[in-house]
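Protein chains in written order, with this note's numbering: chain A, 1 to 363; chain B, 1001 to 1363. Where a beta carbon is used, it is the ideal one built from N, C-alpha and C, also for glycine. It should be emphasised that the depicted structure is a prediction, and the values quoted were computed from it without experimental measurement.
Protein chains: 2
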Amino acid sequence: MSESAAKLREAFKQSAYRLAGHSERTVQVLKEAFRDVDGELESDMYGSGEAIERFEAKMAAFLGKEAAVFFPSGTMAQQIALRIWCDRKGLKRVAYHPLSHLEIHEEDGLKKLHGIEAVLLSDRDRVLGAADVLDMREEVSSILLELPQREIGGQLPSYEELETISSHCKERGIKLHLDGARLLESLPYYGRTAEEACRLFDSVYLSVYKGIGGIAGAVLAGDASFGAEAKVWKRRHGGDLISLYPYVLSADYYFERRKDSMGRYYEGAVRLAERFNRCPGMSTRPETPVTNMFHVHLSMPKEAAESWLTDVIRGTGVGVTHYVRAAGENRSYFELAVGDRYGAIPTAALDRLFERLGEGKRA
Amino acid sequence: MSESAAKLREAFKQSAYRLAGHSERTVQVLKEAFRDVDGELESDMYGSGEAIERFEAKMAAFLGKEAAVFFPSGTMAQQIALRIWCDRKGLKRVAYHPLSHLEIHEEDGLKKLHGIEAVLLSDRDRVLGAADVLDMREEVSSILLELPQREIGGQLPSYEELETISSHCKERGIKLHLDGARLLESLPYYGRTAEEACRLFDSVYLSVYKGIGGIAGAVLAGDASFGAEAKVWKRRHGGDLISLYPYVLSADYYFERRKDSMGRYYEGAVRLAERFNRCPGMSTRPETPVTNMFHVHLSMPKEAAESWLTDVIRGTGVGVTHYVRAAGENRSYFELAVGDRYGAIPTAALDRLFERLGEGKRA
């Protein structure tokens, strides 16, 4: 880590308030979730038992699917979903966006473990839309759509496009899989329930530690036969742990606590982005957020941005970000996802922050 | 579940004392492990951070290997170990016992995810020994040895046989992998340290929830390049969770609490087996245990054994077992692994139990 990056991280650590997230990722997250859990509650045992089955049933109902299976990770859940659809069709080819989690964060697991080839749809810089699907020439077993697309600032296609994609896939016998790591965060913009949105998809993955803020884990949902197959693959992957309750019970706790707050996080993101866009040399992507997330772009190189933001954080007490990434030679950016902490910042501190940001970087 | 099996399970649940194990698998196991952990301690982040690195370093030193990697499960850890050895040799074939965990409990993950074929060494009923390895005709990349072999009552080859196997594998360029799910439980019989025993192996897997009694998880150890590759595969498998600390910190807690008790568990098993072997129609396998584990065989069918043991448990207050398995038409058995609970049974209760068992089943 460079010196300027380390200083930014340190200033962030010392800051009294934070723009993004729910809380620090500390052991306290677990302690809070388990404080009121009865110690006598029996562990789940390899996917069975009250501790896991109750949450899976709740998630199946919430997502409007026959079956939901709890997984240790989304990486595992999604590879398995695509493998099931590929095996059913006898064709080991799927399609997704070039910046899909499977393409850039999983060390080619889909290919190296499952032998599945990927067709990359859309350009890196824009959201995957209906035209990309309708124009696709390659035959595939499944298409994975990520809602929202995290790597481009949390963008969403319109709901009408989703409906078009869904109908097209049904007609062509292509299974549509939802990478819904941040599904809940997308619902306020669409004005739909999870059940309504999931009706457009054959299988759905949901993360329990993004907007929900659990410790780790994922839910994979689909029809009953899909769920049964997913459990077999979960065992093959080494994900059928004797005890998943540390993740399951904390997921349940934070799901109940935050599922109805997604509209508030989204509105916070819209307001925050407006204020960033009024600052010289700063702009957000998307300009108007459609979820609780957006990217803040700065018209200065990474190191300059790090130094400047370190000063801003020290001067205002508001932790804007703990890192900055380069975006070309003279530009940089960071990601913001609004959670519980945004609402806890005093108005005066926030005003102080944007006053300072509004002055721009002094020479 | 049959009525007699359900009754046995219920009687066991109601019993005041238990022959096997450390404690119930309840949420209390987590609560106890985290009671004194500082809530401010930061979560591990995708395999990095103090919470995970400290325990991995401790395990690497304990096992005498350059690197140790924490995994959510042994299933994942072992498939990955074998995959690494197969890739290095360019030969997707390994050898292990017909009752290896990989062969009977993993839904063919090794084959379906990694395309690795298995040569089955030894017979189902006996321990895999040096002769099996020396006589093997097939070329393989790796041999997996399970110490002790759980499915045959926790049997062990002699240490001399292990040394012969290890030398033979070195000469032939075959990597020797240790399925040490219960490695610690084997050490008192061998009279060796973990480091000494692991020196015979190129890679080692250790479970943290058998003798150690953690919540879930596994450690995979080997040289530095093996460890680095294992981390890449861990990500591919979906095992590189954002937070593994619920398993890591509890593993550390119970490791410290129980690592020096394995001799006591082993001695308890030897004494218990002696007493079972004096009862009519009962015998243990092995006759004299070599770890904390053995099987108790009964010369009666499963249902008869269930009914009889239900009566015995109700009459004595000692939970002998919660299940019985059929072993042919007129025989049955159950597994016992001695842990903390054995030592907590009052002598009088244990005497009452074996007096009752010594009377045999009345007609």
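So that I know if they touch, is there some Cβ in chain B lying closer than 8 Å to that of residue i?
| i | result |
| --- | --- |
| A:Leu19 | no |
| A:Asp179 | no |
| A:Thr321 | no |
| A:Gln102 | For the sequence presented, residue 102 of chain A should be read as Leu rather than Gln. No, no contact with chain B. |
| A:Glu40 | yes |
| A:Thr164 | no |
| A:Ala216 | yes |
| A:Val232 | yes |
| A:Phe34 | yes |
| A:Pro72 | yes |
| A:Gln79 | yes |
| A:Tyr245 | yes |
| A:Met76 | yes |
| A:Lys112 | yes |
Terminal residues of the continuous alpha helix (DSSP H) containing residue i?
| i | result |
| --- | --- |
| A:His105 | Run containing A:His105: none; DSSP gives neither H nor E here. |
| B:Gly1263 | Met1262 to Asn1277 |
| B:Glu1355 | Thr1347 to Gly1358 |
| B:Leu1091 | No alpha helix (DSSP H) holds B:Leu1091; DSSP gives it neither H nor E. |
| B:Val1204 | Counting along the chain, B:Val1204 falls outside any alpha helix (DSSP H), though it belongs to the beta strand (DSSP E) covering Ser1203 to Ser1207. |
| A:Ala344 | Per DSSP, A:Ala344 belongs to no alpha helix (DSSP H) and is neither H nor E. |
| A:Tyr46 | No alpha helix (DSSP H) holds A:Tyr46; DSSP gives it neither H nor E. |
| A:Asp38 | A:Asp38 -> no alpha helix (DSSP H), and no H or E assigned at all. |
| A:Tyr323 | Premise fails: A:Tyr323 is in no alpha helix (DSSP H) and is neither H nor E. |
| A:Thr316 | Lys302 to Thr316 |
| B:Ser1186 | Leu1183 to Tyr1190 |
| A:Glu195 | Ala194 to Cys198 |
In whole angstroms, give me the CA-to-CA distance for residue i and residue j.
| i | j | result |
| --- | --- | --- |
| B:Lys1175 | B:Glu1160 | 18 Å |
| A:Ile143 | A:Lys31 | 39 Å |
| B:Pro1098 | B:Asn1277 | 28 Å |
| B:Gln1149 | B:Arg1271 | 20 Å |
| A:Gly217 | A:Tyr247 | 6 Å |
| A:Leu113 | A:Leu241 | 19 Å |
| B:Glu1040 | B:Ala1051 | 11 Å |
| A:Thr347 | A:Trp85 | 50 Å |
| A:His322 | A:Asp123 | 29 Å |
| B:Lys1259 | B:Ala1221 | 18 Å |
| B:Tyr1342 | B:Pro1280 | 22 Å |
| B:Gly1074 | B:Ser1225 | 20 Å |
| A:Ala327 | A:Val69 | 38 Å |
Shorter than 8 Å from the beta carbon of residue i to some beta carbon of chain A?
| i | result |
| --- | --- |
| B:Glu1390 | Because residue 1390 of chain B is not part of the residues shown, which for chain B are 1001 to 1363, the question remains open. |
| B:Ala1016 | no |
| B:Ala1237 | According to the sequence displayed, residue 1237 of chain B carries His and not Ala. Closer than 8 Å: yes. |
| B:Val1219 | no |
| B:Leu1082 | no |
| B:Val1027 | yes |
| B:Ile1242 | yes |
| B:Leu1030 | yes |
| B:Ser1043 | yes |
| B:Val1290 | no |
For my contact list, residue i and residue j are in at a C-beta cut-off of 8 Å; report their separation, rounded to the angstrom.
| i | j | result |
| --- | --- | --- |
| A:Tyr245 | A:Ser43 | 5 Å |
| A:Cys198 | A:Gly64 | 5 Å |
| A:Tyr17 | A:Gly319 | 6 Å |
| B:Phe1055 | B:Ala1251 | 7 Å |
| A:Leu91 | A:Ser141 | 5 Å |
| B:Val1119 | B:Glu1146 | At roughly 15 Å, the Cβ-Cβ gap does not stay under 8 Å, so B:Val1119 and B:Glu1146 are not in contact. |
| B:Val1037 | A:Val27 | 5 Å |
| B:Leu1298 | B:Arg1331 | 7 Å |
| A:Glu106 | B:Arg1235 | 6 Å |
| A:Tyr266 | A:Asn292 | 5 Å |
| A:Ala81 | A:Leu121 | At roughly 17 Å, the Cβ-Cβ gap does not stay under 8 Å, so A:Ala81 and A:Leu121 are not in contact. |
Let's see if you can read the secondary structure: which residues bound the beta strand (DSSP E) around residue i?
| i | result |
| --- | --- |
| A:Gly328 | Run containing A:Gly328: none; DSSP gives neither H nor E here. |
| A:Met282 | Met282 to Arg285 |
| B:Leu1298 | Met1293 to Leu1298 |
| B:Ser1015 | Element bounds for B:Ser1015: n/a, residue is neither H nor E. |
| A:Leu336 | Ser332 to Ala337 |
| A:Gly222 | Ala218 to Gly222 |
| B:Ala1068 | Ala1067 to Phe1071 |
Within the present structure, is the beta-carbon of residue i separated from the nearest heavy atom of the ligand SAM by less than 7 Å?
| i | result |
| --- | --- |
| B:Tyr1323 | Judged by which ligands are present, the structure shown has none, so any question about the ligand SAM falls away. |
Going along chain D, which residues have a C-beta under 8 Å from residue i?
| i | result |
| --- | --- |
| A:Lys13 | Here chain D cannot be found, since the structure's protein chains are A and B. |
In chain order, what are the residue ranges of uninterrupted beta strand (DSSP E) at least 3 long that sit wholly in the stretch 1108-1178 of chain B? 1117-1120 and 1142-1146
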